[in-house]
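The sequence shown begins at 1 in UniProt numbering and counts up one residue at a time.
Here is the structure we will look at.
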Amino acid sequence: MLLLRRLAGAARRRGLAARGLASGAPREAADAVVVGAGVVGLAVARALAMAGREVVVVEAGPSFGTGTSSRNSEVIHAGIYYPPRSLKADAENLGTTISYNTAVIGGQVGYEGLELHICESKELQNHPVGSHVTPQLVLLPKLLINSAGLSAVPLAKQFHGLDQAFVPNPHYARGCYFTLSQTKSPFSHLIYPLPEDGGIGVHVTIDLNGQVRFGPDVEWLDGGEDPVSCFLNRFDYSVNPTRCSVFYPVVRKYFPNLKDGSLEPGYSGIRPKLSGPGQPPSDFVIQGQDIHGITGLVNLFGIESPGLTSSLSIAEHIVSRYL
């Protein structure tokens with residue numbers, strides 16, 4: 001938010017006028033912009049900064065990792081291609097600026113190249129469904145990484161000049177977790193059943209405090225038609241206690257002594273999927289100029305599980321292919 005105000009003020013002082021879709025909004029050049037401060041977006045920002053790029057990360061939430069990244073199984077999956085490395089380094093020490101509470105509401109291929117239309121998230125809170133939102137600032141990045149997670153597809157649909165044939169149809173699957181209570185845990189390791197439609201099955205994980213939890217299940221959601229609601233992550237993350245009735249018979253396949261009343265609601269997450277009910281699992285989709293023809297634009301679609309495990313590999317892939 002402070003970044004937006006600073007850039008907007010600098011643009012006004014230089015007398016930069018807006019044109020086209022963002023009439024009236026100041027304009028500011030940028031080297032590399034990453035949309036989304038989740039684990040993948042920050043990994044990409046880190047890799048770009050280490051490659052010498054000046055990076056701005058734009059995040060609609062109040063902090064990093066508040067969307068899909070913070071709602072996972074906390075498991076590093078086997079089979080990662082790249083050697084494990086730490087993300088503990090402070091991104092800001094690598095020449096990266098993160099602007100929180102700043103929403104990207106669209107963009108276009110303009111006469112100066114890529115245009116990214118942004119405004120403060122609080123300006124969207126009372127946004128009427130279907131109404132036009134006027135940006136407060138237009139960024140002109142040389143490189144734009146759309147790593148918006150649940151909002152990646154809606155954002156791409158708001159990007160004028162991008163052939164919509166390259167934008168996949170999104171599917172959203174909520175997965176709930178239930179925790180084990182009032183029962184002694186028999187588990188000392190993780191248990192993964194066979195995968196099911198839309199997910200990898202209700203498995204057993206153990207957190208750092210020794211708490212046992214089961215999940216996630218799969219509940220298909222309607223993503224809605226209003227892109228701004230998706231930009232603000234207006235999804236329902238509540239866990240309906242009655243969903244435990246689905247968990248008991250599944251968990252008892254590998255924990256037959258599970259007693260009634262032993263499961264309590266935990267938390268939920270929502271996966272940005274590219275395949276729907278009954279369809280085969282889809283792969284990550286990383287689209288650059290070589291696919292959609294727009295110089296400097298890289299879209300990341302369907303970055304769900306194992307996105308946490310794959311974040312560094314995704315970042316290295318983008319740097320090696322599109323820089």
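Heads up, the beta-carbon is just placed ideally off N, CA and C, and yes, glycines get one too.
Here the structure is a predicted model, which is why all the values come from computation and not from measurement.
Check                                                                                                                                           : Outcome
Which residues does DSSP list as the beta-bridge partners of S320?                                                                              : None; S320 has no bridge partner.
Should R71 go down as buried or exposed, given a rule of 16 or more other Cβ atoms within 10 Å for buried?                                      : buried
Taking buried to mean at least 16 other C-beta atoms within 10 Å of its own C-beta, is T295 buried or exposed?                                  : exposed
Give the secondary structure of H203 by DSSP, where H, G and I count as helix, E and B as strand, and everything else as coil.                  : strand
If you compare alpha carbons, which of N233, G223 and L263 is closest to P241?                                                                  : L263
Report buried or exposed for A315, applying the criterion of at least 16 other Cβ atoms within 10 angstroms of its Cβ.                          : buried
By how many angstroms is the C-alpha of P216 removed from the C-alpha of L300?                                                                  : 23 Å
May I have a chain-ordered list of the alpha helix (DSSP H) segments no shorter than 4 residues that lie completely inside the stretch 137-210? : 152-157
Report yes if the C-beta distance between L139 and E54 is below 8 Å; otherwise report no.                                                       : no
Between the Cα of L194 and those of F187, P186 and H203, spot the shortest distance and give me the residue it belongs to.                      : H203
Straight-line CA distance for T102 to K142?                                                                                                     : 19 Å
In this structure, how does DSSP classify Y267 when only helix, strand and coil are distinguished?                                              : strand
List the endpoints of the continuous beta strand (DSSP E) containing A32.                                                                       : R27 to V35
Write down the C-beta distance between I286 and G149 rounded to the nearest angstrom, noting that I regard them as a contact closer than 8 Å.   : The Cβ separation is near 14 Å, so there is no contact.
On a Cα-Cα basis, can you pick out the residue from L114, V212 and V153 that is closest to C164?                                                : The identity of residue 164 in the sequence shown is Gln, whereas the question assumes Cys. Minimum Cα distance to Q164 is reached at V153.
Starting from F247 and walking both ways along the alpha helix (DSSP H), at which residues does that stretch end?                               : C244 to V251
From the DSSP output, in three-state form, read off K273 for me.                                                                                : strand
In whole angstroms, what is the alpha-carbon distance linking V44 and G110?                                                                     : 25 Å
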